[in-house]
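Read the structure below first, then the notes.
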Amino acid sequence: MCRFEFQTKYQTEDDCEKRLFEHRWPQGFAYPSCGHQEYYHVTKRKLYQCKKCRHQTSLTAGTVMHNTRTSLLLWLCAIYLTSMDKRGFSALSLSKRLGLSYWKAWTMLRKIRHAMKSHDSTYQLTGIVEINDSFFGSSTKGSSNRGRDTSKTAVIVEASTHGDAVGFAKMTVVDKVDSATIDHLVKVSVRGNRPAKTDGLPVYTIVSKSGHNHIQEIVKSKNAHKVLKWTHILISNAKSFIMGTFHRFGKKHLQAYLNEFCYRFNRRKWELQLFDRLVIASVNSQAIYIAELTQ
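For the sequence shown, this note's numbering gives the first residue as 31, with consecutive numbering after it.
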């Protein structure tokens, strides 16, 4: 969706409410707990009351916009800007663009990234799955040739490959790269017993023990990018994305930045649909609260 189309479609709160209703209840209204489809519209309070159980809900209840005091127009503007700029938005940039406080812009962006994460978590990897590890953070003297040192944050990277093409990707911040961590991620992320391709690091032997056809290649560091082509590209691009937009690799928020990077990468072929897809993800993701965002 181009900017002119967005500005034409979304001029008022009513425009936003209509569109959110269509995205949240595409088959018509259904009350979240009982599923009943008939309702009263309490227009002054912008609520929908179920005719069966008499309980009330709103367009944003139970979503990432739960209990928001921010206008829907501002929310959709934030989602639009986030979805249409490949570089992403920092909280400072968004606050300036929309005239919001830094804290409000930060909170909105974090909730939008939560929606990205929630939606991507419903997919599993297929094809031959490349699995690799990397360490994000500033370099320290004496660090090892794989970039490991205590000042860096470990990340496991997984990517579906089909021939020479790459499909879906996942990147997960972990406390350490060990067999238990790899085993857990493979069980959660990979569909069935799809083949998995790794380098020769001993911790990856757990992959074959988990029932997967394990393609493990021992190579020198300088040739690793040839064996695990797509995970190396993902690692490089993710680091450039984070440094270019957020300028830091702090562990506390790194997973949120990686969630955004992967969400964009996984929808690289549908850029013009990214706004609508992100609105749908936002109204279908569960509420998340400030305490969870600041942990």
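All C-beta atoms in this analysis are idealised placements derived from N, C-alpha and C, irrespective of residue type, glycine included.
* To do: Hey, could you find the ends of the beta strand (DSSP E) Ser238 is sitting in?
  => Where Ser238 is concerned, there is no enclosing beta strand (DSSP E), although the alpha helix (DSSP H) it sits in stretches over Ile236 to Lys239.
* Under 8 Å by Cβ, that's how I've got Leu323 and Thr87 pegged, so tell me the actual separation to the nearest angstrom. => Their Cβ separation, rounded to whole angstroms, is 23 Å, which puts Leu323 and Thr87 out of contact at 8 Å.
* Might you give, ordered along the chain, the residues of its own chain that have their beta carbon closer than 7 Å to the beta carbon of Arg54, omitting 5 neighbours on each side? => Leu89 and Val313
* At a cut of 8 Å, does the segment 140-158 reach the segment 182-197 through at least three beta carbon pairs? -> yes
* To do: Go through its chain and collect everything with a Cβ distance to Val196's Cβ below 6 Å, but skip five positions before and after it.
  => Ala189 and Trp260
* Please check if any C-beta of chain D sits within less than 7 Å of the C-beta of Gln37. => The structure shown contains no chain D, having only a single protein chain.
* Asked: Which residue from Arg294, His85 and Thr235 puts its Cα closest to that of Lys147?
  -> Arg294
* From this set, Val94, Lys82 and Glu43, which residue's C-alpha is nearest Lys76's C-alpha? -> Glu43
* Closest residue to Arg307 among Thr98, Lys74, Lys200 and Ser113 (Cα-Cα distance) -> Ser113
* What separation, rounded to the nearest whole angstrom, lies between the Cα atoms of Leu288 and Asn162? -> 15 Å
* **Rounded C-alpha distance that separates Asp45 from Thr38** => 10 Å
* Asked: So, helix, strand or coil for His71, using DSSP?
  -> strand
* **Local conformation of Ile109 per DSSP, three classes** => helix
* Asked: Under the three-state reduction of DSSP, which class applies to Tyr61: helix, strand or coil?
  -> coil
* Would you call the CB atoms of Gly118 and Glu301 closer than 7 Å? -> no
* Identify every residue that forms a DSSP beta bridge with Asp163. => Ile186
* Under a Cβ-count criterion, where at least 16 other Cβ atoms within 10 Å of its own Cβ denotes burial, should Met95 be classed as buried or exposed? -> buried
* Test item: CB-CB of Tyr40 and Leu106 under 7 Å -> yes
* Assign Lys116 to buried or exposed, taking buried as 16 or more other Cβ atoms, counted over all protein chains shown, within 10 Å of its Cβ. => exposed
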